[in-house]
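Novice: First the structure, which I've put down as structure tokens, then a few questions once you've had a look.
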Amino acid sequence: MRTLFTILFIPVLLLQSCKTESKKEIKTEAISFTKEGVLTILKQETDSILTHLDIEIAESEYETQTGLMYRESMQDNQGMLFIFPDVAMHSFYMKNTQIALDIIYIDENLKIASFQKNAQPFNETGLSSKVPVKYVLEINAGLSEKLELDIGDTISFTKE
210 MRTLFTILFI PVLLLQSCKT ESKKEIKTEA ISFTKEGVLT ILKQETDSIL
260 THLDIEIAES EYETQTGLMY RESMQDNQGM LFIFPDVAMH SFYMKNTQIA
310 LDIIYIDENL KIASFQKNAQ PFNETGLSSK VPVKYVLEIN AGLSEKLELD
360 IGDTISFTKE
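Okay, structure coming up:
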């Protein structure tokens, strides 16, 4: 009898002594914009300045893979400039990106080579540069239309 009691009682005692915690919501801090430079866009025919943007710069493999993922918003005077080590075809997608973007592909001569306008949040479809490029600029969706950007317009940028 004592053995039966021990066999039945010990598992109950162990179960009650196990710590049970309710699931806690994990809150992550929002990623904030960090100004790392200034980018200017110029109209090709007139060299008139269309806009100045504060930019974050993505150069490392981690930075280029992460880009603007997990951001909740971006101001219209901000953007992210990707600088690649080589001139090649590049493709972007919107996985884990919460804001719609215009993706501007720029060649090694700092001229706009192609666009992917209004890339939709969380869409994992590849968005190709269609031509070899060295730089990519991401800005809020609709801003390239508002600024009347065209293929052939140029950029210049400085790092801070």
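With the working numbering as the guide, the letters of the sequence shown map in order to residues 210 to 369. Each residue gets a CB set at the ideal place from its N, CA and C atoms; glycine is no exception. Note that the structure is a prediction, hence the values are computed from the model and not measured.
Report yes if the C-beta distance between Glu245 and Glu265 is below 8 Å; otherwise report no.
Specialist: Position 36 of the sequence shown, counted from the first residue, corresponds to residue 245. Position 56 of the sequence shown, counted from the first residue, corresponds to residue 265. In contact: Glu245 and Glu265 (Cβ atoms closer than 8 Å).
Novice: Is the number of C-beta pairs between the stretch 359 to 368 and the stretch 330 to 339 that are closer than 8 Å three or more?
Specialist: no
Novice: DSSP state of Lys339, grouped into three classes?
Specialist: On the sequence shown, position 130 is the one that residue 339 refers to. Coil.
Novice: For Leu251, collect the residues of the same chain with a Cβ closer than 8 Å to its Cβ; drop the 5 residues on either side in sequence, then sort them by chain order.
Specialist: Mapped onto the sequence shown, residue 251 falls at position 42. Same-chain partners within the cutoff: Ser257, Ile258, Leu259, Asp362, Thr363, Ile364, Ser365.
Novice: Look up Glu369 in the DSSP assignment and say whether it is helix, strand or coil.
Specialist: Counting from 1 along the sequence shown, the entry for residue 369 is found at position 160. Reduced to three states, the DSSP call for Glu369 is coil.
Novice: Decide if Gln325 is buried, meaning its Cβ has at least 16 other Cβ atoms within 10 Å, or exposed.
Specialist: Residue numbering aside, residue 325 sits at position 116 when the sequence shown is read from its first letter. Buried, since its Cβ has 16 or more Cβ neighbours within 10 Å.
Novice: Just how far apart, CA to CA, sit Ile315 and Thr243?
Specialist: Here residue 315 refers to the residue found at position 106 when the sequence shown is read from its first residue. Here residue 243 refers to the residue found at position 34 when the sequence shown is read from its first residue. The straight-line gap from Cα to Cα measures roughly 22 Å.
Novice: Count the other CB atoms, across all protein chains shown, that sit within 10 Å of the CB of Met298; report buried if there are 16 or more and exposed otherwise.
Specialist: Mapped onto the sequence shown, residue 298 falls at position 89. Under this definition Met298 is an exposed residue.
Novice: Taking only three categories from DSSP, how would you classify Leu352?
Specialist: Taking the sequence shown and counting its residues from 1, the one referred to as residue 352 is at position 143. When DSSP states are grouped into helix, strand and coil, Leu352 belongs to the helix group.
Novice: Give me the residue from Ser323, Thr249, Phe301 with the minimum Cα distance to Gly288.
Specialist: The residue you call residue 288 lines up with position 79 of the sequence shown. Among Ser323, Thr249, Phe301, the Cα nearest to that of Gly288 belongs to Thr249.
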